[in-house]
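Student: Let me begin by handing over the structure; questions about it come next.
Number of protein chains: 2
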Amino acid sequence: MYLPSWLSQLYRGLSRPIRRTTQPIWGSLSRSLVLSSQRRNPEFSSFVVRTNTCGELRSSHLGQEVTLCGWIQYRRQNTFLVLRDFHGLVQVIIPQDESAASVRKILCEAPMESVVQVSGTVISRPAGQENPKMPTGEIEIKVKTAELLNACKKLPFEIKDFMKKTEALRLQYRYLDLRSFQMQYNLRLRSQMVMKMRDYLCNLHGFVDIETPTLFKRTPGGAKEFLVPSREPGKFYSLPQSPQQFKQLLMVGGLDRYFQVARCYRDEGSRPDRQPEFTQIIDISDVFRNTEIRFLQDALSKPHGTVKAICIPEGAKYLKRKDIESIRKFSADHFDQEILPVFLNTNRNWNSPVANFIMESKRPELIRLMETQEEDVVLLTAGEHNKACSLLGKLRLECADLLETRGVVLRDPTLFSFLWVVDFPLFLPKEENPRELESAHHPFTAPHPSDIHLLYTEPKKVRSQHYDLVLNGNEIGGGSIRIHNAELQRYILATLLKEDVKLLSHILQALDYGAPPHGGIALGLDRLICLVTGSPSIRDVIAFPKSFRGHDLMSNTPDSIPPEELKPYHIQVSWPTDSKAAKAH
Amino acid sequence: MYLPSWLSQLYRGLSRPIRRTTQPIWGSLSRSLVLSSQRRNPEFSSFVVRTNTCGELRSSHLGQEVTLCGWIQYRRQNTFLVLRDFHGLVQVIIPQDESAASVRKILCEAPMESVVQVSGTVISRPAGQENPKMPTGEIEIKVKTAELLNACKKLPFEIKDFMKKTEALRLQYRYLDLRSFQMQYNLRLRSQMVMKMRDYLCNLHGFVDIETPTLFKRTPGGAKEFLVPSREPGKFYSLPQSPQQFKQLLMVGGLDRYFQVARCYRDEGSRPDRQPEFTQIIDISDVFRNTEIRFLQDALSKPHGTVKAICIPEGAKYLKRKDIESIRKFSADHFDQEILPVFLNTNRNWNSPVANFIMESKRPELIRLMETQEEDVVLLTAGEHNKACSLLGKLRLECADLLETRGVVLRDPTLFSFLWVVDFPLFLPKEENPRELESAHHPFTAPHPSDIHLLYTEPKKVRSQHYDLVLNGNEIGGGSIRIHNAELQRYILATLLKEDVKLLSHILQALDYGAPPHGGIALGLDRLICLVTGSPSIRDVIAFPKSFRGHDLMSNTPDSIPPEELKPYHIQVSWPTDSKAAKAH
Numbered sequence: 004m005y006l007p008s009w010l011s012q013l014y015r016g017l018s019r020p021i022r023r024t025t026q027p028i029w030g031s032l033s034r035s036l037v038l039s040s041q042r043r044n045p046e047f048s049s050f051v052v053r054t055n056t057c058g059e060l061r062s063s064h065l066g067q068e069v070t071l072c073g074w075i076q077y078r079r080q081n082t083f084l085v086l087r088d089f090h091g092l093v094q095v096i097i098p099q100d101e102s103a104a105s106v107r108k109i110l111c112e113a114p115m116e117s118v119v120q121v122s123g124t125v126i127s128r129p130a131g132q133e134n135p136k137m138p139t140g141e142i143e144i145k146v147k148t149a150e151l152l153n154a155c156k157k158l159p160f161e162i163k164d165f166m167k168k169t170e171a172l173r174l175q176y177r178y179l180d181l182r183s184f185q186m187q188y189n190l191r192l193r194s195q196m197v198m199k200m201r202d203y204l205c206n207l208h209g210f211v212d213i214e215t216p217t218l219f220k221r222t223p224g225g226a227k228e229f230l231v232p233s234r235e236p237g238k239f240y241s242l243p244q245s246p247q248q249f250k251q252l253l254m255v256g257g258l259d260r261y262f263q264v265a266r267c268y269r270d271e272g273s274r275p276d277r278q279p280e281f282t283q284i285i286d287i288s289d290v291f292r293n294t295e296i297r298f299l300q301d302a303l304s305k306p307h308g309t310v311k312a313i314c315i316p317e318g319a320k321y322l323k324r325k326d327i328e329s330i331r332k333f334s335a336d337h338f339d340q341e342i343l344p345v346f347l348n349t350n351r352n353w354n355s356p357v358a359n360f361i362m363e364s365k366r367p368e369l370i371r372l373m374e375t376q377e378e379d380v381v382l383l384t385a386g387e388h389n390k391a392c393s394l395l396g397k398l399r400l401e402c403a404d405l406l407e408t409r410g411v412v413l414r415d416p417t418l419f420s421f422l423w424v425v426d427f428p429l430f431l432p433k434e435e436n437p438r439e440l441e442s443a444h445h446p447f448t449a450p451h452p453s454d455i456h457l458l459y460t461e462p463k464k465v466r467s468q469h470y471d472l473v474l475n476g477n478e479i480g481g482g483s484i485r486i487h488n489a490e491l492q493r494y495i496l497a498t499l500l501k502e503d504v505k506l507l508s509h510i511l512q513a514l515d516y517g518a519p520p521h522g523g524i525a526l527g528l529d530r531l532i533c534l535v536t537g538s539p540s541i542r543d544v545i546a547f548p549k550s551f552r553g554h555d556l557m558s559n560t561p562d563s564i565p566p567e568e569l570k571p572y573h574i575q576v577s578w579p580t581d582s583k584a585a586k587a588h
Numbered sequence: 004m005y006l007p008s009w010l011s012q013l014y015r016g017l018s019r020p021i022r023r024t025t026q027p028i029w030g031s032l033s034r035s036l037v038l039s040s041q042r043r044n045p046e047f048s049s050f051v052v053r054t055n056t057c058g059e060l061r062s063s064h065l066g067q068e069v070t071l072c073g074w075i076q077y078r079r080q081n082t083f084l085v086l087r088d089f090h091g092l093v094q095v096i097i098p099q100d101e102s103a104a105s106v107r108k109i110l111c112e113a114p115m116e117s118v119v120q121v122s123g124t125v126i127s128r129p130a131g132q133e134n135p136k137m138p139t140g141e142i143e144i145k146v147k148t149a150e151l152l153n154a155c156k157k158l159p160f161e162i163k164d165f166m167k168k169t170e171a172l173r174l175q176y177r178y179l180d181l182r183s184f185q186m187q188y189n190l191r192l193r194s195q196m197v198m199k200m201r202d203y204l205c206n207l208h209g210f211v212d213i214e215t216p217t218l219f220k221r222t223p224g225g226a227k228e229f230l231v232p233s234r235e236p237g238k239f240y241s242l243p244q245s246p247q248q249f250k251q252l253l254m255v256g257g258l259d260r261y262f263q264v265a266r267c268y269r270d271e272g273s274r275p276d277r278q279p280e281f282t283q284i285i286d287i288s289d290v291f292r293n294t295e296i297r298f299l300q301d302a303l304s305k306p307h308g309t310v311k312a313i314c315i316p317e318g319a320k321y322l323k324r325k326d327i328e329s330i331r332k333f334s335a336d337h338f339d340q341e342i343l344p345v346f347l348n349t350n351r352n353w354n355s356p357v358a359n360f361i362m363e364s365k366r367p368e369l370i371r372l373m374e375t376q377e378e379d380v381v382l383l384t385a386g387e388h389n390k391a392c393s394l395l396g397k398l399r400l401e402c403a404d405l406l407e408t409r410g411v412v413l414r415d416p417t418l419f420s421f422l423w424v425v426d427f428p429l430f431l432p433k434e435e436n437p438r439e440l441e442s443a444h445h446p447f448t449a450p451h452p453s454d455i456h457l458l459y460t461e462p463k464k465v466r467s468q469h470y471d472l473v474l475n476g477n478e479i480g481g482g483s484i485r486i487h488n489a490e491l492q493r494y495i496l497a498t499l500l501k502e503d504v505k506l507l508s509h510i511l512q513a514l515d516y517g518a519p520p521h522g523g524i525a526l527g528l529d530r531l532i533c534l535v536t537g538s539p540s541i542r543d544v545i546a547f548p549k550s551f552r553g554h555d556l557m558s559n560t561p562d563s564i565p566p567e568e569l570k571p572y573h574i575q576v577s578w579p580t581d582s583k584a585a586k587a588h
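In structure tokens:
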């Protein structure tokens, strides 16, 4: 359980992430890039014509002859312009004397966002004209020569103003959107974070980076996998959702300490994204074991019945009567559950004899169990265990949102709070047939060592060695200790899950040949970088993302293919209308 | 042109690669792993039960209590066994006293290649029983406790003996083949080399690692690309052969210094692997400009006619008459070319008046031009330029092989010789219609700056800014400076190459929006690691390779898919027999 410390180690070397900056400051990018490499500064200007980057010049460079390359960000009255590269901004003075007419012409006539190369001297800005908000604000460049490297045509939108553009326009002109401060920051921070992870794994802990194939065999029932037709009639590869099987085979092959920054393919066009849901509740069933209150009594009399509650700290101060009403309505509409709000200050239990009764009779026990205080509100529900938990988990987030709109600071957006979720059940009843079992995660997850005996008597009670890692309420990774014993794996697959063992024979065989005990974890890199940079969408941390429908709007992908180009793959398109016509025929 | 120094820098941190070791020594692996990280030793035993790896124990560990995990490599007379992990081998003494009966039972009964965990004390081997060939040969482990973690069934082949197995058997049981010393060495060295490359690019030179999509639009005429059907009828993605377009778009997007360890997909089932061919020849046409020798005269009278020769140093000493005959036959059969062997020592020009005549009349010029010496042989040919060059290039390699079989050391297998190939032509005549042009590499390569004017007059003479990197005669990488000017790109695509510009409109548009001048290089990682490790096949440096027919023999991939699972992708298989039946119908 070392990963939170691992991630926090990772952060130490990185700059403080920013969250939804409305006024991006180029300087913070350049500072973070210098900070991140600790022992040495990367040479950003090796192998190229430029002597320096635009963003790195300071008073210490005064008098130096420099050559810079960049985009024209801004120009004022043909007297100066601001040049931009990935490292920052610098002010360039356009020479006014007659002898520099050709240089002046180039710099005054080049359209915005054209690429230019300038050479000149680093000089001080005149007294009073320094710009303390700009990291290069103490200096400017007195230009001697200039060259227009590439002129820019009229842009579909201004680079500095991109945030107000629609998502579709940004995706269509992705290569322009990438010039924005925020995208440069996100992608460069991502690169640094991945490099830190690699450094940690390879250099500190002797892990070995191994690429596994992405053209592989279809997973049984892998409905979300992309297919790739081969040149053999009727034979297909599949793009695997994860290097799952390979990870295990590498362990059998003695490649101890394997890792990979892997590409995973999930064709989720037809399924909404899984939303992680986490609940933290307190079970107060025992308090009401002998209650006279009808709906609580009803719930507790059923097999999985329970009485659960959450406490909203200072809820009495911030929640209004209409809030409570909307919470009750939401619970009834979406969960078919009754919610009983209990104010510890009994005067506020508006017209609710039940709540008053509870406070009178059960007050000491409730206060002890839930550690409540005078201004808190308790939301109490009763019913089937899973349903009650889901409802209260949802209400907890709703109430937090509500309190935050009333000005209460509950969740510090600059804090990174990590959480492990453990002790998942190994099996769940199948939705379509609750008497049969299915794996809660996947059939290779090992049972909890203390529960192995239950596999043969009460498999539903077996906990798994699966673990999820949560950052600020978002699942960022998960993994498990795997089954290394072929007999146990066969028993779970064939006897408990009734799976066709033949499809996985290569895995079972591999386990028979001296597989070591093993386990691992996978992080969702896109989501993690999203949380670290405070980006609203994973599309902001991926260079060329697909739209939510899986399209690339820049190049119009996926696209049609002429039938003759499908021939080598022995496939043809089944057009929906064609198939109807065929039926009618 | 900094890459050779870049690669040689890379090597400094790595251990000396080995070439086809017949007697692998586990110690060299462990030494190399420690060497490679320079500043710090990776902690191979962090986060796990073992206290040490099998391969790292030395006399300095004497007296330490250790816990080791590994596979049973060897056992003798129930007195000791040799335990193996990825780091090396260590000798473990099986306790003989009655009180340790259970430990003895575990260690004596576990089959070979079972996984065990042992705890005990590091002790000296008795005097005279040290094994100097084994890095851990001064010590052994006196075991106190042992646990069988997983028993191994009868293996299809012995791990230590794997090199004699067939390629097919090795691929079928890849997870066992991976336990071999050579595969462990190759994959771990690969991981280290890639890490060094990343360290160099990111930390030393400020490059940014960006992942580009692998599901993208089909390249016009990209016959070697894999197709991926989408869930929209008739629409397909393609797995790109390289991140070519994305690289350029990232440059337009200001992501200066981009790199990626990219997955490239090339469906080469129907095409043999491109074989790189390099020639080094000397043109001696001028020597023979006024020759009387018929076949030389004929050749020189034609438009691209030339007389070329190579010198085989000390050829007269090692080449026999039958060698020369087979060279002449090879040239006639495969290239339809005449070869004239000229021995500088005129006595040996067996029955060849032409050769004798050449030596008499042209001797001083030949010796000057070709810097030949007394024992050398000159192989001379005449004909069309490309054909003559290809033949002599081939003969040069053939003769080198021949001389090496005669014991001459020409190519030191431990040397890494790098070479840049430059000044490629930008265009070549189309094979099917030599009046039309096609790109020698791809249409985005920039012309040589000195030749730009020729684009409008004699495009065939334009050199490109393409460059290839060659290591020991093998092409390991290539790249080019790209066209950043949209007008020039449009002229080359539309006017010179007669391509449909519409298909590349997003690239042309991107160049119009202030694309900076840019270029790059791509290394073929598989081939590079192959050369460094001296592996006979790239399958030896890939964890899970496909067979030469693109099959995965371990899992039987590609595989059939039931028709109903093709429905969501709106495709159906066109069976070769079905289509015939349809026609008959």
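Protein sequences appear in the order of chains Y and G.
Under our numbering, the first residue of the first sequence carries the number 4, and numbering increases by one thereafter.
Under our numbering, the first residue of the second sequence carries the number 4, and numbering increases by one thereafter.
All residues carry an ideal CB built from backbone N, CA and C; glycine is no exception.
#1: P138(Y) CB to nearest chain G CB: under 7 Å?
#2: Out of T217(G), E214(G), I213(G), S194(G), which has the shortest C-alpha to C-alpha gap to F210(Y)?
#3: Between P416(G), P367(G), H444(G), Q80(G), which has its C-alpha nearest Q99(G)'s C-alpha?
#4: Which residues in chain Y sit within 8 Å of T536(G), going by Cβ to Cβ distance?
#5: Would you mind reading off the limits of the beta strand (DSSP E) that contains H573(Y)?
#6: Please state the DSSP three-state secondary structure of H456(G).
#7: CA-CA distance, F298(Y) and E170(Y)?
#8: Going by DSSP, which residues form a beta bridge with E441(Y)?
#9: Near N153(Y), what residues of its chain come up, given a Cβ to Cβ distance below 8 Å and the 5 sequence neighbours on each side ignored?
#10: Between C155(G) and chain A, is the shortest Cβ-Cβ distance under 7 Å, so that the two count as touching?
#11: Tell me which residues share the same chain as A265(G) and place their Cβ nearer than 6 Å to its Cβ, disregarding the 5 neighbours each side in the sequence.
#12: Work out the CA separation of L258(Y) and A525(Y) for me, nearest whole Å.
#13: In the DSSP assignment, what residue or residues form a beta bridge with I564(Y)?
#14: I need the boundaries of the beta strand (DSSP E) containing I479(G), first residue and last residue.
#15: Compute the beta-carbon to beta-carbon distance between V121(G) and I142(G), rounded to the nearest angstrom, for a pair I have assumed lies under 8 Å.
#16: Compare the C-alpha of I284(G) against each of P416(G), V381(G), M186(G), L491(G) and name the closest.
#17: Would the beta-carbon of L252(Y) fall within 7 Å of that of A489(Y)?
#18: If the cut-off is 7 Å on Cβ atoms, which residues from the stretch 510-540 of chain Y count as contacting chain G, listed in chain order?
#19: Using a Cβ-Cβ distance under 7 Å, would H469(Y) count as near chain G?
#20: In terms of alpha-carbon separation, which member of G522(G), L511(G), V576(G), L418(G) lies closest to L534(G)?
#21: Would the stretch 419-432 of chain G count as touching the stretch 467-483 of chain G if we require 3 or more Cβ pairs under 8 Å?
#22: Measuring CB to CB, does V345(Y) end up less than 7 Å from A335(Y)?
#23: Would you say the beta carbon of L192(G) comes nearer than 6 Å to a heavy atom of the ligand SAH?
#24: What separation, rounded to the nearest whole angstrom, lies between the Cα atoms of P3(Y) and K250(G)?
#25: Report the option in P519(G), P416(G), V412(G), L500(G) whose CA atom is closest to the CA atom of S442(G).
#26: With R182(Y) and G523(G) assumed to form a contact (beta carbons below 8 Å), what rounded beta-carbon distance in angstroms separates them?
Tutor: Reading off the structure:
#1: Chain G, which has no Cβ nearer than 7 Å to the Cβ of P138(Y), makes this no.
#2: The shortest C-alpha separation from F210(Y) is found at S194(G).
#3: Looking at the Cα atoms, Q80(G) is the closest of the given residues.
#4: Within chain Y, no residue comes near T536(G); the closest Cβ sits about 15 Å away, beyond 8 Å.
#5: Counting along the chain, no beta strand (DSSP E) covers H573(Y), and no H or E run does either.
#6: Looking at H456(G) - three-state DSSP - the assignment turns out to be helix.
#7: If you draw a straight line from the Cα of F298(Y) to the Cα of E170(Y), it comes to about 49 Å.
#8: Residue pairing by DSSP places E441(Y) opposite L431(Y) in a beta bridge.
#9: Counting only Cβ-Cβ distances below 8 Å, and skipping sequence neighbours, we find S117, V118.
#10: Among the protein chains in the structure shown, which are Y and G, there is no chain A.
#11: Once the five neighbours on either side are set aside, the close Cβ partners of A265(G) are P246.
#12: Rounded to whole angstroms, the gap between the alpha carbons of A525(Y) and L258(Y) is 17 Å.
#13: Answer is none; I564(Y) lacks a bridge partner.
#14: I479(G) -> beta strand (DSSP E) spans 477-484.
#15: Contact between V121(G) and I142(G) is ruled out by a C-beta separation of about 14 Å, above the 8 Å threshold.
#16: Restricting attention to P416(G), V381(G), M186(G), L491(G), the CA atom closest to the CA of I284(G) is found in V381(G).
#17: Going by beta carbons, L252(Y) and A489(Y) fall outside the 7 Å limit.
#18: Per Cβ criterion, the list reads A513, D515, Y516, G517, A518, P519, P520.
#19: Cβ-Cβ to chain G under 7 Å: no for H469(Y).
#20: Between L534(G) and the set G522(G), L511(G), V576(G), L418(G), the nearest pair of CA atoms involves L418(G).
#21: They touch, by the three-pair rule.
#22: No, the pair does not count as a contact, with Cβ atoms beyond the cut-off.
#23: Although the ligand SAH was asked about, the structure shown includes no ligands whatsoever.
#24: The displayed coordinates of chain Y run from 4 to 588. Any statement about residue 3(Y) would go beyond what the structure contains.
#25: Its Cα nearest to that of S442(G), the residue L500(G) stands out among P519(G), P416(G), V412(G), L500(G).
#26: Wrong, their Cβ atoms sit about 19 Å apart, outside the cutoff.
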